[in-house]
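Going by UniProt numbering, 128 is the number at position 128 of the sequence shown; the sequence numbering is gapless. Virtual Cβ for every residue (Gly too), placed ideally from N, Cα, C.
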Amino acid sequence: MPLPEDPTVADVGKKLAETLRSLSGPRPGIRPGHAKGILFKGVFIPSPQAKALSKAQHFNQPSTPVIARFSSSTGNPDIPDSDPRSNPRGLAIRFQLAETPRRLHTDIIAHSIDGTPGSNGEEALEFFTALKNGTITEYIKDHPKAAHFVQLPRPFPASFAHQRHFAVNTFKFVAASGKETFVRYRIEPVLGVQELSAEEAAAKGPNYLYDGIVEMLGKAPVQFKLTA
């Protein structure tokens, strides 16, 4: 994926990464956010209704290969699955549209709560800077969206296969007719949502989510529905 050409966007992204890295401490070679994660391959099959909403390639061909990454919050790659700071969880999906003559893809970045700390990169940077500086209580008094984000429940999932995710970005669908529709994806587990209490999660062990999803996939496919 090409890097942003807008210098302001690039600068905000750099500062955001530096701020997130400072929250988890120096960890050379480790990503600053959602450091603990696991990758899987899968297949996306669009519904018959999808092509009416968008002329995008992956909505108009029988299937598209995907790479999915389940992850835990923070820049600590060893954070226990039972640690409250590991919520919200993340789910990133890459639709692999082509390999030749050059690789093409489109991505969805989602997490397990229906909210974000801001409406753009600048507001996200302000939020995490306040968190780093210990001024988050004062910050959220004047920022309702951030306050809502902080107050959202962060339950422990029974497994990665039982967790709902919400896209952090809005997408614009463009139909073949030219009609535009703005959507925000939800990723629904076919097995249904199942949650654990903090005590139940602690009893499961430090890697129950990652060990569990590997075990489940060894027995049968794990499916999600992409809705908007």
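- Excluding residues up to 5 positions away in sequence, D81 lie with their Cβ nearer than 7 angstroms to the Cβ of N207 in the same chain.
- For the beta strand (DSSP E) assignment, the uninterrupted runs of no fewer than 3 residues enclosed by the UniProt domain "Catalase core" (30-96) are, from N- to C-terminal side, 36-44, 64-72.
- Unbroken alpha helix (DSSP H) stretches of 4 residues or longer found wholly inside the UniProt domain "Catalase core" (136-203): 136-141, 144-151, given in chain order.
- Between the beta-carbon of V193 and that of R164 there is about 5 angstroms, and that keeps the pair under the 8 angstroms contact cut.
- Taking H162 as reference, the option from E195, E180, L152, G178 with the minimal CA-CA separation is E195.
- Taking C-beta separations shorter than 6 angstroms and ignoring five residues to either side along the sequence, S197 has no partners in its chain.
- Of all alpha-carbon atoms in R154, L104, F224, the one lying nearest the alpha-carbon of H58 is that of L104.
- Inclusion of P189 and A146 in the CB contact set at 9 angstroms is not warranted, their separation being larger than that value.
- The bridge partners DSSP lists for L226 are I187.
- Taking 9 angstroms as the cut-off, the beta carbon of S22 is found closer than this to the beta carbon of K132.
- Under DSSP, the beta-bridge partners assigned to D107 are R94.
- When C-alpha distances from T181 are compared across A56, T74, L125, the shortest belongs to A56.
- The three-state reading of DSSP puts G134 in coil, since its state is none of H, G, I, E or B.
- At a Cβ-Cβ threshold of 9 angstroms, T74 and S24 count as neighbours.
- Burial of P88 is indicated by the presence of at least 16 other C-beta atoms within 10 angstroms of its C-beta.
- A contact between stretches requires three or more CB pairs, one per stretch, nearer than 8 angstroms, and the region 26-44 fails this requirement with the region 148-156.
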